[in-house]
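**Student:** Just dropping this structure here.
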Amino acid sequence: MSWLTIPRGSHFSLVNLPFGIISTQTNPSPRPAVAIGDNALDLSLFAQNGGFDKLQDFPEDKISVFSEPTLNSFAALGRPVHRSVRQYLRQVFETNTPFPEVLKDNESLRQSAIVALSEVQMHLPMAIGDYTDFYAGRNHAFNVGVLFRGAANALNPNYNHLPVGYHGRASSVVVSGTPLRRPWGQVLAAPGDKTPVFRPSSRLDIELELGMFICQGNTLGEPIPVNEAENHIFGYVLVNDWSARDVQAWEYVPLGPFNSKNLGTTISPWVVLADAMDPFKAKGLPNDVEVVEYLREKREDNVVDIHLEVTLKTPKDTEAVITRTSSTNLLWSWPQMIAHHTITGCNLRPGDFLASGTISGTEDGTQGSFLEQTRGGKAPLRIGTDGEERKFLEDGDTVIIRGWSGTNEDGLVGFGDCVGQILEALPPRQ
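Residue numbers (the working numbering): 96 to 525.
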């Protein structure tokens, strides 16, 4: 229990305390904060006014990390420091806090450092150096493979042997609430066409994913062992990796997606720390093959169990949940993705961003993309009860992804909303 009111059902319970970057009208400078209930604790003000004085073993020369415009420097301090800071902040907010003088009984600091979430502007939590998008959702990979190659050849021969991935575009990763324009691209207008036309994408799609930030990297040439990879995980966010399917269909041979994927990737603004997700570890999908040694984990409960939902809101204000699924629908774990990413000696750095790939279940209503739900556009999805349908996204549509673990009784560990709206395409400048 906390002395600060936390509404029942809040994603930001006392057992969560996710980190993000905020600004306010009174102070437009981006700075770190933690979310608790309907409020945010401004960590810059908190630190400047002695808020961390009771935290033992925190390096005094590092206190400035709480005044920086990103979480990169804090993340780079490593998991033991993240754990210590989060546990301390939890103690500060507990009803029977051992440090009442820090905040509970410090009215001046409470008034200045605790800000309503409705009054903050959220920013990207990390400066993202590199972005890698994996393809770890086997159900999604199978569903899409069936659409294009049939069930017998749905999964490529390498799929069960290694975490397939590609290098994405870090510059177009945006924070929740950022609208995105429908992209233009080269597409084949009709089946059988061999010459493309240039027009706005008519098959714009979502991809329900989970994202992970790296805290501490590795030296170039030194791979990260799979059973040590957890130490390199800072925390998690929700992801919508928007995709132009018609652009992708024409461009992806032979090197994979390019313009079809770089229009934007939306992430939720609060980073749920790895420690907060540890109680929700579970087994992922079973693998049909014995993987090579560098991908073998000692831990069987190697993925996180998060309930995921996708809601679509149309310009007519029709709103409906179109997907409910679980993040356990992954074949590959985050440690395996890290181990594979670095096995060549590739160096990861604090703030590097990895995404899981689309997460889908096996039944209708559990798929993480319109491509799957509509069978490639052949079976329109009914939205709400007023007869609206969608094959793919239309201009003005808003997509809201939510995710959480835990219960109301024990406290939810949630991510808040990951929101994006599609705006009409702008004519290209000549």
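Just so you know, even glycine gets a beta-carbon here, dropped at the ideal spot from N, CA and C.
Ordered along the chain, which non-local residues of its own chain (more than five positions away) have a Cβ less than 7 Å from that of I319?
**Tutor:** N313, H327, I433, A434, T437
**Student:** Would you say the segment 185–192 touches the segment 376–392, given that touching needs at least three Cβ pairs under 8 Å?
**Tutor:** Segments in contact, no.
**Student:** Per DSSP, what are the beta-bridge partners of W499 in this structure?
**Tutor:** H402, G509
**Student:** What do you get for N167, buried or exposed, if any count of 16 or more other CB atoms within 10 angstroms of its CB means buried?
**Tutor:** N167 counts as buried, since at least 16 other C-beta atoms from the protein chains shown sit within 10 angstroms of its C-beta.
**Student:** Would you list the one or two residues that DSSP bridges to H106?
**Tutor:** DSSP, once it has assigned bridges, lists no residue as partnering H106.
**Student:** Just the Cα atoms here: how many angstroms apart are G446 and Y226?
**Tutor:** 9 Å
**Student:** Under DSSP, the beta strand (DSSP E) around E484 begins and ends at which residues?
**Tutor:** 483–485
**Student:** Measuring alpha carbon to alpha carbon, tell me which of V282, R264, P291 ends up nearest R342.
**Tutor:** Correcting the residue type first, residue 342 is Val in the shown sequence and not Arg. The option with the nearest alpha carbon to V342 is V282.
**Student:** Between which residues of its own chain and F194 is the CB-CB distance below 7 Å, once the five residues before and five after are set aside?
**Tutor:** K149, Q186, V187
**Student:** For G240 versus N424, is the C-beta spacing smaller than 8 Å?
**Tutor:** no
**Student:** Between F448, L449, R264, which has its C-alpha nearest G359's C-alpha?
**Tutor:** R264
**Student:** Return yes when the Cβ of I417 is within less than 8 Å of the Cβ of Q468, no when it is not.
**Tutor:** yes
**Student:** Tell me the rounded alpha-carbon separation between P295 and N354.
**Tutor:** 12 Å
**Student:** Between the C-alpha atoms of G272 and L426, what's the straight-line distance to the nearest angstrom?
**Tutor:** 30 Å
**Student:** At the level of alpha carbons, what is the spacing between N144 and A128?
**Tutor:** 14 Å
**Student:** Three or more beta-carbon pairs under 8 Å between the segment 357–375 and the segment 508–520, yes or no?
**Tutor:** yes
**Student:** To which residues does DSSP link P127 through a beta bridge?
**Tutor:** I116
**Student:** Could you spell out the range, first to last residue, of the alpha helix (DSSP H) harbouring V342?
**Tutor:** 340–346
**Student:** At a cut of 8 Å, does the segment 469–489 reach the segment 389–404 through at least three beta carbon pairs?
**Tutor:** no
**Student:** Drop a sphere of 10 angstroms on the beta-carbon of T453, count the other beta-carbons inside from all chains shown, and report buried for 16 or more, exposed for fewer.
**Tutor:** buried
**Student:** Which residue spans inside the segment 352–432 form an unbroken alpha helix (DSSP H) run of at least 4?
**Tutor:** Counting whole runs of 4 or more residues, the segment 352–432 contains the alpha helix (DSSP H) stretches 369–372.
**Student:** Helix, strand or coil for S315 per DSSP?
**Tutor:** The question names Ser, but residue 315 is Leu in the sequence shown. It is coil, neither helix nor strand.
**Student:** Quick check on DSSP: helix, strand or coil for D137?
**Tutor:** strand
**Student:** Do you know offhand how far S162's Cα is from I116's?
**Tutor:** Cα-Cα distance, rounded: 10 Å.
**Student:** Give me the residue from R126, I517, E155, I223 with the minimum Cα distance to S338.
**Tutor:** I517
**Student:** Are the segment 106–113 and the segment 168–177 touching by the rule of at least three beta carbon pairs closer than 8 Å?
**Tutor:** no
**Student:** For R294, report the span of its beta strand (DSSP E) as first-last.
**Tutor:** Per DSSP, R294 belongs to the beta strand (DSSP E) from 292–295.
**Student:** Within this structure, are the beta carbons of G463 and H235 separated by less than 8 Å?
**Tutor:** yes
**Student:** Expressed to the nearest angstrom, what Euclidean distance is found between the alpha-carbon atoms of T493 and K356?
**Tutor:** About 18 Å.
**Student:** Can you list, in chain order, the residues of its chain whose CB lies under 7 Å from that of L38, leaving out five sequence neighbours each side?
**Tutor:** Because residue 38 is not part of the residues shown, which for the chain are 96 to 525, the question remains open.
**Student:** For L212 versus L204, is the C-beta spacing smaller than 8 Å?
**Tutor:** no
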